[in-house]
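Just below is one structure, and these are the notes that go with it.
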Amino acid sequence: MTAIQLVLVYFQVMLLLWSFDDPSLIAEAQAMENPGICPGVCGNVSIPYPFGMREGCYHDESLKILCNSSEIPLLSINGTDLVVTDISVGDSTITVNFPIVFANCDGKERNTVFDLEGSPFVFSSDLNNFIASGCDNLALLIQNQSAVGGCMSICDHERSNNYLLSSCSGINCCQTSIPSYLKVYNVTFEGVNDGKGIGVGFGVLFLLIGLWQLYKVFKRRRNERLRERYFKRNGGLLLQEQLSSGEVHVEKVKLFASKELDNATDHYSVNRMLGQGGQGTVYKGMLADGKIIAVKKSKILDEGNLRQFINEVVILSQINHRNVVKLLGCCLETEVPLLVYEFIPNGTLSQLLHSPSDELPFTWDMRLRIATEVAGALSYLHSAASIPIYHRDIKSTNILLDDKYRAKVADFGTSKSVTIDQTHVTTLVQGTFGYLDPEYFQSSKFTDKSDVYSFGVVLVELLTAQKAVSFCRSEDEARSLVTYFLMSIEDNRLSGILDPQVKVQGRKEDIMMVAVLAKSCLSMKGKERPAMKEVAMVLEGIRNSHECQKSPKDFIIPQEIDYDANDFMEVPWDLVSVTADSD
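Residue numbers (mature numbering (1 follows the signal peptide of the UniProt record, and there is no 0)): -31 to -1, 1 to 552.
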């Protein structure tokens, strides 16, 4: 067995000096530029301010440089004189020579504590390396009786024992970085002999590797069990039951892995947040293939909300309409379940109405088209889908706008399939104040006419560009937009509440017909409201009449809608014309 002959620790030291950017120091530095007053060189080392060699030439005693008779600059730190080899004020660094620490088999060693406490210096973690030359040794950096760094090397007698080898990777030599902001350290050595010592060293190493692998296996299995538990808790079994029942088109529902969505959303960064709704928070994400998605992170669910979440998956999987947001899949492996939708880039109808942009005027044609698209989507849900569906939370914030500003109805968290909820009776009234059907609020019975009422509120928003509930309106004007709208019709001041762009750009006949349609949708009694199919027909007729430059009466008023055609032309209107004739 060969014992350690010599262990050297070479610490190439660069100290970081805290920045001196005080204007007063800059003025002092300029004053010290005269070499006759303050010499700037010792040997071949420049001594710039705030360092100095004469009294009055340095900023304080900790930055005093002693230039001895051999013209070797020395910096004294806590009683230890260190040879200075370079000073760079621009980089805030000073390079000094530290004594080599060593130990040998005769028991001789030089082991010094290096202490920078009380000085303006720290050891640079970027510019220094801790190098131990020798074999069968463990060299440690100790601070406050705790190891803060170190390395271990083994013997290879065919290689030289030189710490200046370009590769110092653990054979005859080892190296490591030092921790940031280190100010005090001590070096200790532990030697290991060839044979048993190396065997024990490798035994410990293999034991640590084995323990690490066991930890990784344990962690992986734990995460698998946790994902399985979340899957069950989040309704995975309930969804599988729905899938097996044939109610859901399996090929349209993808189960995403939690890690995939975690990476796609940058760990659900607040910078990726698109908005928050009654059912959860929506984040923007990008899959590995570059596809942009929207991930809806639901709130913590109780058993009732759990069925509501699975209900949204079941309902959206059955919908295939260009004006309904498309469900791409879901993830049930997380603490709260996730829904993955197609990404709709241009925000909500509410944002377009209530936060207008000069770059994109919200024209009457756009409003009429969006109203027609939403009405068509609701008509499809009520009567054309494989199973009739009631949305139950129609509002301007749940109407998204794609890249061409086409409407997409979203947020089906409270939706109900008629076959699932035949009586439409709920113990808890759900919806948004300002859009809520008063008949549903009183009876707890939700019908297709409740969606019609909510859509009527959206129509009034499109006409007026005002919010469904606003405390900016006085109590006399009514905080509720529905009440405000109906009062304006009764008081013969409808044009006074219309959005100026609507009055300027829309035909008077078209505007009045939309207003009458909205009034009909907002009837207090559900049976007096038109069906969504009829609402969609009316709006489509208004659009067609506008394009063909004909009267709306030539295209609409189906028999199912109990209107007197003259009602469309006799809505109270206190302006002779709303067409823009001004210069």
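Ideal Cβ placement from N, Cα and C applies to all residues, glycine included.
Residue span of the beta strand (DSSP E) that contains residue i, given as start and end
{"i": "L297", "result": "296 to 300"}
{"i": "R144", "result": "Checking the displayed sequence, the identity of residue 144 turns out to be Gln instead of Arg. Q144 -> beta strand (DSSP E) spans 142 to 145."}
{"i": "F90", "result": "90 to 92"}
{"i": "E311", "result": "307 to 311"}
{"i": "F99", "result": "98 to 102"}
{"i": "V65", "result": "62 to 66"}
{"i": "C36", "result": "34 to 36"}
{"i": "A437", "result": "That residue, A437, is in no beta strand (DSSP E); it is neither H nor E in DSSP."}
{"i": "L85", "result": "Premise fails: L85 is in no beta strand (DSSP E) and is neither H nor E."}
{"i": "T54", "result": "49 to 57"}
{"i": "L463", "result": "Element bounds for L463: n/a, residue is neither H nor E."}
{"i": "K377", "result": "376 to 378"}
{"i": "residue 553", "result": "Residue 553 lies beyond the range of the chain shown here (-31 to 552); nothing can be said about it."}
{"i": "S45", "result": "42 to 46"}
Contact under 8 Å by Cβ, residue i with residue j
{"i": "V91", "j": "D55", "result": "no"}
{"i": "F312", "j": "I261", "result": "yes"}
{"i": "V438", "j": "A487", "result": "no"}
{"i": "L321", "j": "L370", "result": "yes"}
{"i": "G249", "j": "S267", "result": "yes"}
{"i": "Q474", "j": "L450", "result": "no"}
{"i": "I16", "j": "I34", "result": "yes"}
{"i": "L230", "j": "C300", "result": "yes"}
{"i": "F67", "j": "V153", "result": "no"}
{"i": "I339", "j": "A376", "result": "yes"}
{"i": "L463", "j": "L491", "result": "no"}
{"i": "I284", "j": "F381", "result": "yes"}
{"i": "Y374", "j": "N292", "result": "no"}
{"i": "S413", "j": "I363", "result": "no"}
{"i": "G298", "j": "V222", "result": "yes"}
{"i": "G103", "j": "S88", "result": "no"}
{"i": "I63", "j": "V52", "result": "no"}
{"i": "I111", "j": "N141", "result": "no"}
Residue range of the unbroken alpha helix (DSSP H) whose run includes residue i
{"i": "residue 641", "result": "Beyond the ends of the chain as shown, which are -31 and 552, falls residue 641; an answer cannot be given."}
{"i": "N232", "result": "227 to 233"}
{"i": "K477", "result": "477 to 490"}
{"i": "E430", "result": "417 to 433"}
{"i": "V473", "result": "469 to 474"}
{"i": "F410", "result": "407 to 412"}
Under the three-state DSSP convention, the category residue i falls into
{"i": "G12", "result": "coil"}
{"i": "N240", "result": "helix"}
{"i": "A500", "result": "coil"}
{"i": "G510", "result": "helix"}
{"i": "G259", "result": "coil"}
{"i": "V451", "result": "helix"}
{"i": "T401", "result": "coil"}
{"i": "P357", "result": "coil"}
{"i": "S326", "result": "strand"}
{"i": "N155", "result": "strand"}
{"i": "N106", "result": "strand"}
{"i": "V282", "result": "helix"}
{"i": "D251", "result": "Asp is not the amino acid found at residue 251; the sequence shown has Val there. Three-state result, V251: strand."}
{"i": "K265", "result": "strand"}
{"i": "M493", "result": "coil"}
8 Å CB neighbourhood of residue i in its chain, flanking five on each side removed
{"i": "T145", "result": "N98, F99, G118, G119, C120"}
{"i": "H351", "result": "P357, I358, Y359, D417, D420, A500, M501, K502"}
{"i": "L256", "result": "E229, A233, I262"}
{"i": "residue 575", "result": "Absent from the model: residue 575. The displayed extent of the chain is -31 to 552, so no value can be given."}
6 Å CB neighbourhood of residue i in its chain, flanking five on each side removed
{"i": "E509", "result": "T341"}
{"i": "I530", "result": "For I530, the predicted structure reports a pLDDT of 48, less than 50, and the residue's modelled location is therefore unreliable. A value from the coordinates is still provided. Taken in chain order, the residues that qualify are P499, E503."}
{"i": "I466", "result": "T433, S457"}
{"i": "G403", "result": "A437, V438"}
{"i": "R189", "result": "none"}
{"i": "E302", "result": "R196, Y199, F200, S227"}
{"i": "K265", "result": "G249, V251, L308"}
{"i": "Q411", "result": "none"}
{"i": "Y349", "result": "H290"}
{"i": "H28", "result": "P19"}
Nonlocal neighbours in the same chain, by C-beta distance under 7 Å from residue i, ignoring five residues either side
{"i": "S319", "result": "S365, T366"}
{"i": "V483", "result": "L428, L432, I511"}
{"i": "P148", "result": "S94, V117, G118"}
{"i": "R442", "result": "R448, Y453"}
{"i": "D235", "result": "R241"}
{"i": "G259", "result": "none"}
{"i": "C11", "result": "M22, I34, C36, E40, P42"}
Residue i CB to nearest heavy atom of the ligand GTP below 7 Å
{"i": "V65", "result": "As for the ligand GTP, it is missing from this structure, which has no ligand bound."}
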